[in-house]
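In our numbering, the protein residues as written are 908 to 1014. Using N, Cα and C, we set each Cβ at its ideal position, and we do this for glycine too. Keep in mind the model is a prediction, meaning the values are calculated, not measured. A short write-up of the structure that comes next.
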């Protein structure tokens, strides 16, 4: 049986059993898992920043309004996921942001 000579075999071990296999390009290019960092607030949808309620150095409690994000003609209030201090604001009023854009960092 002839295989594709461009593919390299990889050895993986699962439950102390060795397997020899090829991995797809899609698998090799996948984004690795990163645990959620609740001190970073990301946009969940593309939109426009309408209003920012906090400034750098402000102490916030969980649930405090941080900013308004208008997306698809709806205004979404983004709140603080945890208690903390606003360390950096990466947007200003009127900015267009993409999905998963880092909006605000907390300490």
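- Setting aside the 5 residues that flank it on each side, residue 972 is surrounded in the same chain by 960, 984, 986, each with a C-beta closer than 7 Å to its C-beta; the list follows chain order.
- A straight-line Cα-Cα distance of about 6 Å links residue 955 and residue 1001.
- Judged by their CB atoms, residue 930 and residue 938 are not nearer to each other than the 8 Å cut-off.
- The Cβ neighbour count for residue 950, taken over all protein chains shown within 10 Å, is at least 16; the residue is labelled buried.
- Residue 1013 sits away from residue 998, with the two beta carbons spaced by 8 Å or more.
- In this structure, the CA atom of residue 932 is about 24 Å from the CA atom of residue 924.
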